[in-house]
Amino acid sequence: MVVHVAVQAAPFDVGVEAERLSALSPLTGGVGLFVGQVRGGQGLRAMTLEHYPGMTEGTLHALAQEALARFDLTGCTVIHRVGRLEVGAGIVFVGAGAAHRGAALMATSFLIDRLKTGAPFWKREEYDDGRTIWVDARETDEEAARAWMSNPTA
Amino acid sequence: MVVHVAVQAAPFDVGVEAERLSALSPLTGGVGLFVGQVRGGQGLRAMTLEHYPGMTEGTLHALAQEALARFDLTGCTVIHRVGRLEVGAGIVFVGAGAAHRGAALMATSFLIDRLKTGAPFWKREEYDDGRTIWVDARETDEEAARAWMSNPTA
Amino acid sequence: MADRVTVLFFAALREQIGQESLSVTIPASGVSVAALRTQIEGADPAIAQALADQPKLRVAVNRTLSTFEQLVTPGDEVAFFPPMTGG
Amino acid sequence: MADRVTVLFFAALREQIGQESLSVTIPASGVSVAALRTQIEGADPAIAQALADQPKLRVAVNRTLSTFEQLVTPGDEVAFFPPMTGG
Numbered sequence: 001m002v003v004h005v006a007v008q009a010a011p012f013d014v015g016v017e018a019e020r021l022s023a024l025s026p027l028t029g030g031v032g033l034f035v036g037q038v039r040g041g042q043g044l045r046a047m048t049l050e051h052y053p054g055m056t057e058g059t060l061h062a063l064a065q066e067a068l069a070r071f072d073l074t075g076c077t078v079i080h081r082v083g084r085l086e087v088g089a090g091i092v093f094v095g096a097g098a099a100h101r102g103a104a105l106m107a108t109s110f111l112i113d114r115l116k117t118g119a120p121f122w123k124r125e126e127y128d129d130g131r132t133i134w135v136d137a138r139e140t141d142e143e144a145a146r147a148w149m150s151n152p153t154a
Numbered sequence: 155m156v157v158h159v160a161v162q163a164a165p166f167d168v169g170v171e172a173e174r175l176s177a178l179s180p181l182t183g184g185v186g187l188f189v190g191q192v193r194g195g196q197g198l199r200a201m202t203l204e205h206y207p208g209m210t211e212g213t214l215h216a217l218a219q220e221a222l223a224r225f226d227l228t229g230c231t232v233i234h235r236v237g238r239l240e241v242g243a244g245i246v247f248v249g250a251g252a253a254h255r256g257a258a259l260m261a262t263s264f265l266i267d268r269l270k271t272g273a274p275f276w277k278r279e280e281y282d283d284g285r286t287i288w289v290d291a292r293e294t295d296e297e298a299a300r301a302w303m304s305n306p307t308a
Numbered sequence: 309m310a311d312r313v314t315v316l317f318f319a320a321l322r323e324q325i326g327q328e329s330l331s332v333t334i335p336a337s338g339v340s341v342a343a344l345r346t347q348i349e350g351a352d353p354a355i356a357q358a359l360a361d362q363p364k365l366r367v368a369v370n371r372t373l374s375t376f377e378q379l380v381t382p383g384d385e386v387a388f389f390p391p392m393t394g395g
Numbered sequence: 396m397a398d399r400v401t402v403l404f405f406a407a408l409r410e411q412i413g414q415e416s417l418s419v420t421i422p423a424s425g426v427s428v429a430a431l432r433t434q435i436e437g438a439d440p441a442i443a444q445a446l447a448d449q450p451k452l453r454v455a456v457n458r459t460l461s462t463f464e465q466l467v468t469p470g471d472e473v474a475f476f477p478p479m480t481g482g
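Residue numbers (our numbering), protein chains in the order written: chain A, 1 to 154; chain B, 155 to 308; chain C, 309 to 395; chain D, 396 to 482.
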């Protein structure tokens, strides 16, 4: 069970990351992946991702280990970018390989749901008219994270 | 809402397919992806994927359209390989882009669950000792497909 | 030649029967899939055995999954196969 | 110098306060996060206002999410921030 975690300003390469998960084990039958990217609209131009450098990697490693403990995986990956990202740019990549698709897909959902409100990242939006706005945590994101906490065996 | 469907002997490129979904719309905030690959073990050497050429593409298009009708997507992709595939080789790629991650991840699960028992593909396994075995449909796969049918609004 | 349907077999069924297609004459008014099945079983014991060996036999008429009650008319394409195992 | 903790602010909090870290003297026996908060609020009205503006203020002690009851002792790193919005 191999964990790959990174916090980086550079873009990630989904093809490389997918191949890393596919190649982890000959017993891997399915790989689930999720890419979060900067969603445009309403004049949004870019986002800046701030983080807590000393804490971020440890939090992501702990999250990945929790996924391994919870689901029957061959490995998982969490990559989060920081810095200024324009509309359409990838922000986050999570993925999980498993013998069976159910575990791979559940772990993928788990990782992104928990990462949204459980790792020290903050988004500041930047609009065409010059406004900048710190994104508020969405109640639905907090609910999604809590749902995994109240269901520890899923 | 753009659908990309292919039935092919050639490998698919997950990086290219992920980028296709990411680039569909500036309103895409999340892309869910799933790769199914030949799982080794118990002496399995390879699988041959047979299909019903006249029916396959139409079935996959109908499945993709059903995903678009069910979930709020910017687009989705279904690619299935045919022919002989060795352990570790990709068999199937499904993916969906959406404004929000919930729809992208649900659509990804929907596509792979329904594709498993609802499209005219058959797997013949080939073992190191020379045996070949047609894979039986798993009851759990049929249940997963039925679950989506009995829950038409999810 | 006019009142014919094409019958296809896939996967284990194709392998066991040893052929992948048949051309079968039916009444111009059509028959049910079930009647067509009985007809081809009667014509070839190998087909009868192979179909009997598939407790979950599936059928598609004109490339759409169908029931055994579905009416088949001349010119149709009817495919028999085991449960599908893609993905 | 010995009985100090480092206090960090992130995101909107950092921006509003206009600084990203403080060094604060506390008793050698330690204080709760809540008491530390009261102390830094008393020392700087801008901090008091910024913390008051965060109804869902979060805190991490030594890079682990903590509660406001958590004991802070000299040498610790305490970070205050708004709810996290990654992903």
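Backbone N, C-alpha and C define an ideal beta-carbon position, used for all residues, glycine too.
Asked, Found
"Can you have a look at Q465 (chain D) and say buried or exposed, based on whether 16 or more other CB atoms are within 10 angstroms of its CB?", "buried"
"Count the other C-beta atoms from every protein chain shown that fall within 10 angstroms of the C-beta of V170 (chain B), then say buried if there are 16 or more, exposed otherwise.", "exposed"
"Looking only at its chain, what residues have a beta carbon closer than 6 Å to the beta carbon of T286 (chain B), apart from the 5 residues adjacent to it on each side?", "R278 and E280"
"Can you give me the C-alpha to C-alpha distance between G481 (chain D) and E385 (chain C), rounded to a whole angstrom?", "54 Å"
"Would you check if there are 3 or more beta carbon pairs closer than 8 Å linking the region 97-110 of chain A to the region 173-191 of chain B?", "yes"
"Less than 8 Å separating the beta-carbons of P391 (chain C) and A291 (chain B)?", "yes"
"Taking DSSP's pairing of strands, which residues face F12 (chain A) in a bridge?", "DSSP output for F12 (chain A) lists no bridge partner at all."
"Rounded to whole angstroms, what's the CA-CA distance from A257 (chain B) to A221 (chain B)? Just pull it up for me.", "10 Å"
"Nearest to D13 (chain A) by CA position, among A:E50, A:I79 and A:P53, is which residue?", "A:I79"
"Within 10 Å of its beta-carbon, does G235 (chain B) have 16 or more other beta-carbons around it, so buried, or fewer, so exposed?", "Reading the sequence as shown, one finds Arg at residue 235 (chain B) and not Gly. Buried."
"Give, in chain order, every residue of the region 198-222 of chain B whose Cβ lies closer than 7 Å to some Cβ of chain C.", "E204, Y206, G208, M209 and G212"
"Going by C-alpha to C-alpha distance, which of A:R45, A:R70, A:M1 and A:I91 sits closest to L27 (chain A)?", "A:M1"
"Would you mind telling me which residues of chain C sit closer than 8 Å to T339 (chain B), beta carbon to beta carbon, in chain order?", "Because chain B here runs from 155 to 308, residue 339 (chain B) falls outside it and cannot be looked at."
"Does A387 (chain C) come within less than 8 Å of chain B when only Cβ atoms are used?", "yes"
"Mind checking F463 (chain D): buried by the 16 CB within 10 Å criterion, or exposed?", "exposed"
"List, in chain order, every chain D residue whose beta-carbon is nearer than 9 Å to that of F12 (chain A).", "The contacting residues do not exist; F12 (chain A) stays about 14 Å from chain D at best."
"Going by the CB atoms, is the gap between A6 (chain A) and V38 (chain A) shorter than 8 Å?", "no"
"Among B:K270, B:T231, B:G208 and B:Q219, which has the Cα closest to the Cα of E297 (chain B)?", "B:K270"
"Under a three-way DSSP split, which group does R366 (chain C) fall into?", "strand"
"Under 8 Å, Cβ to Cβ, is there at least one residue of chain B near R371 (chain C)?", "yes"
"Using DSSP bridges, identify the partner residues of K123 (chain A).", "A:L49"
"Let me know if T140 (chain A) comes out buried or exposed under the rule of 16 or more other beta-carbons within 10 Å of its beta-carbon.", "exposed"
"Excluding the 5 residues flanking A336 (chain C) on each side, which residues of the same chain have their C-beta closer than 7 Å to its C-beta?", "D311 and P382"
"Taking 8 Å as the threshold (C-beta atoms), are V157 (chain B) and A252 (chain B) in contact?", "no"
"Quick one: Cα of A320 (chain C) to Cα of V380 (chain C), how far?", "24 Å"
"Identify the contact partners of G41 (chain A) in chain B, using a Cβ-Cβ distance below 8 Å as the criterion.", "P180 and L181"
"On the criterion of 16 or more Cβ atoms from any shown chain inside 10 Å, does T314 (chain C) qualify as buried, or is it exposed?", "exposed"
"Excluding five sequence neighbours on each side, which residues of the same chain lie with their C-beta closer than 8 Å to the C-beta of E328 (chain C)?", "L316, F317, F318 and R322"
"When we look at the beta-carbon of R345 (chain C) and count the other beta-carbons within 10 Å, is it buried (16 or more) or exposed?", "buried"
"With a cut-off of 8 Å, does the C-beta of V78 (chain A) fall near any C-beta of chain D?", "no"
"Between the C-alpha atoms of S179 (chain B) and T228 (chain B), what's the straight-line distance to the nearest angstrom?", "7 Å"
"Which of helix, strand or coil does DSSP assign to S461 (chain D)?", "strand"
"If you check the beta carbons only, do A177 (chain B) and R238 (chain B) fall under 8 Å apart?", "no"
"Give a yes or no on whether 8 Å exceeds the smallest Cβ distance from F405 (chain D) to chain A.", "yes"
"Please list, in chain order, the chain B residues whose beta carbon lies closer than 8 Å to that of A368 (chain C).", "Y206, M209 and P274"
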